[in-house]
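Have a look at the structure below before the remarks.
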Amino acid sequence: MTENKEQTEETLFRDLGLNPEIQQAIDEIGFEKPSPIQAEAIPELLNGHDVIGQAQTGTGKTAAFGLPMLQYLDPGNDEVQAVVLTPTRELCIQVTQALRSYAEHLDIEIVAVFGGAPIRSQQAQLRSGAHVVVATVGRMKDLISRRSLVLTAARFVVLDEADEMLDLGFLEDVEKILRMCPSGRQTALFSATMPPPIKRLADTFMYDPVVISITPKTLTVDAIEQAFVEVSGREKVEKLVKVVKAEDPEQAILFCRTKIGASRLEKDLKNRGLDVKALHGDLSQGVRDGVMLAFKNHRCKLLVATDIAARGLDVDHVTHVINYDIPNSSETYVHRIGRTGRAGRTGRAITFVTPDQRRDLEQIKADVKASISEWETPEDRIEHARPPRRKRRGQEAAPLDEQPTVAVEKVGEFDEVVEVPLASDPDQQQESVPEVADGEVKLFVNRGARSGITEEDLRWALREGAVLSEDQVADVRVLDRFSFVEVDGDIAERTVEFLDGTRLKGSGIRVEIARN
Ligand code: AMP
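In this note's numbering, the protein residues as written are 886 to 1401.
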């Protein structure tokens, strides 16, 4: 076993049997040696095996499936030979960019298709030839049903972040898509966790897969100070406000267990004048993208999030993680607090517990071997940390700045963050040309008063979902069956991209640039 590990650690890209063109791209990108998932998965995939990779974002999984996939393609064959299915548009764009960089010296066309962008331009891109299609599930289904995409030659299929597809309710569609691919295909499935439905999917659709499980390297995050606040359920919000004001975070994520809890907390905090946004599964993808972007760009200080919704969130400047609801496992605790103290900064993790949750807290303390002491205001902390107080510590809790640190899995071991140009993907910009003139552009929304949509709802969607400011929206008109929105020309395409295919008041909406 140990030997094996050492071998893995010493593996070089050139030992993996990749083409010189691919090797050249890797060298130019600057990857020095394969990450563990790459060292293990690449040879298996090159040997034609199906692979299940239990690995999350940040482990290098995109290259793990991408490099062998690219090697396997025949540039002379114009059919779609490989398909990568992703749960979200953000991941779809990110994977496409990564694959394009790996294919720099190959004559391979990689096309991204995802919801919320005009389908016609994606159809056109497919028509002009795609060897690889990277797709979100819904848009791929749509394109198949319009006969713009045929999978009969897709001999290499990747399901990326399968557990997230499950969470988002896409599994049935994924199965349908898999049935359309040739039975002799090679399938790779990547998933951070392996819940039973994913295992069943693998059993049904994969052939004798090799399972590679990568436990992310545990790194010591030196800088996470941990505290708890004991409070009764009724006083939680007030106490939270007090803690937030005292801590004055640069940016904080407040974790809730449920979607309802998250949206209630958002409201409660807003009512108390705090600058807060929420991220949870009840929001449409467009709105979630908007919230993530706002948070990443520091346009909001506090983010209320559920565990699942926070998964795709990769941010470096979070100074505080507050567990407003205590996590349901020690694993989740570690995951949550690993969001702070990144990139060499200090971070604080504060966990709220009701008296009956003290036992859960003790369990977490024991599992993560951390000292989590009672929260004090920053002033008290400084006071308590002064040297004269140190004479004999005995059983006392150590000052927070001296507490033992906890080993947490660092999300994103190779943390050169890939910027995901949600709104400004160059490829998408090209598509925007003729319709988007200077001045205002009118957008058509296929829902109106009959679907219960009001002007206020649309303004909300434009603000929260498309991240537009008030003055970028010239007019909103709700008619009976549909609505029109006028926005600044330069952000019209982006607005369509953010809002088309999202949900508003329970109905899916289509948004497009209005034809005269
Ligand atoms: P992924 O898990 O595929 O999203 O990759 C996470 C990040 O790791 C991306 O920024 C990649 O460019 C980077 N990365 C992938 N493989 C390697 C490698 N072998 N060496 C260094 N960085 C890598």
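Every residue gets a Cβ at the ideal spot worked out from N, C-alpha and C, and that includes glycine.
Give me the Cα-Cα distance between G945 and K918, rounded to the nearest whole angstrom. 11 Å
Between K1413 and the ligand AMP, is there a pair consisting of the residue's CB and a ligand heavy atom that are separated by less than 7 Å? The structure shown has nothing for residue 1413, since the chain only spans 886 to 1401.
Residues that DSSP places opposite K1327 in a beta bridge: E1371
Is the separation between the beta-carbon of A878 and that of A1147 shorter than 8 Å? A query on residue 878 cannot be resolved here, the shown segment of the chain reaching from 886 to 1401 and no further.
Extract the residue ranges of the alpha helix (DSSP H) inside the stretch 1063-1121, only unbroken runs of 4 or more that lie entirely within it. 1081-1090
Between which two residues does the beta strand (DSSP E) harbouring G1044 extend? According to the sequence provided, residue 1044 is Leu. The question's Gly does not apply to it. Run containing L1044: F1041 to L1044, per the beta strand (DSSP E) assignment.
Could you say which of S1068, V1059, R1064 and Q1071 lies nearest to I1083 if we only look at CA atoms? V1059
Whose CA, out of S1068, M1079, Q1071 and K1250, lies closest to the CA of A1047? M1079
Are P1011 and M1025 close, meaning C-beta to C-beta below 8 Å? The question names Pro, but residue 1011 is Leu in the sequence shown. It is not a contact, given that the beta carbons lie outside the stated cut-off.
Between which two residues does the beta strand (DSSP E) carrying N1208 extend? H1205 to N1208
R1275 burial status per 10 Å Cβ neighbour count (16 or more: buried): For R1275, the pLDDT reaches just 33, beneath the cut-off of 50, and the residue's location in the model is therefore unreliable, although a value from the coordinates is still provided. With fewer than 16 Cβ atoms within 10 Å of its Cβ, R1275 is classed as exposed.
Does at least one heavy atom of the ligand AMP sit under 7 Å from the Cβ of D956? Checking the sequence, you will find Gln at residue 956 rather than Asp. Result no, Cβ not under 7 Å from the ligand AMP.
Excluding the 5 residues flanking E1259 on each side, which residues of the same chain have their C-beta closer than 7 Å to its C-beta? A1112 and F1113
Is A1194 near C1185, with beta carbons less than 8 Å apart? no
Can you tell me the Cβ-Cβ gap for Q939 and S1117, rounded? I've got them flagged as a contact below 8 Å. At roughly 40 Å, the Cβ-Cβ gap does not stay under 8 Å, so Q939 and S1117 are not in contact.
Given a threshold of 16 other Cβ atoms within 10 Å of its Cβ, counted over all protein chains shown, does T947 qualify as buried or as exposed? buried
In the DSSP assignment, find the unbroken beta strand (DSSP E) run with Q1136 in it and report its ends. Unbroken run through Q1136: none, as it is neither H nor E.
Burial state of L1051 (16 or more Cβ within 10 Å): buried
In angstroms, rounded to a whole number, what distance separates the CA positions of D935 and V1253? 35 Å
When DSSP labels each residue in this structure, what does E1397 get in the three-state scheme? strand
Under the rule that 16 or more other beta-carbon atoms within 10 Å means buried, what is E1135, buried or exposed? exposed
Touching by the beta-carbon criterion (3+ pairs, under 8 Å), the stretch 1363-1380 and the stretch 1329-1346: yes
Just the C-alpha distance for T1239 and L1159, rounded to the nearest angstrom, thanks. 23 Å
To the nearest angstrom, report how far apart D1107 and I1257 are at their CA atoms. Note that D1107 scores 47 on pLDDT, short of 50, meaning its location in the model is unreliable; the coordinates nonetheless yield the value given after this. Near 14 Å, if we compare the C-alpha coordinates of I1257 and D1107.
What's the C-alpha gap between V1352 and E1341? 15 Å
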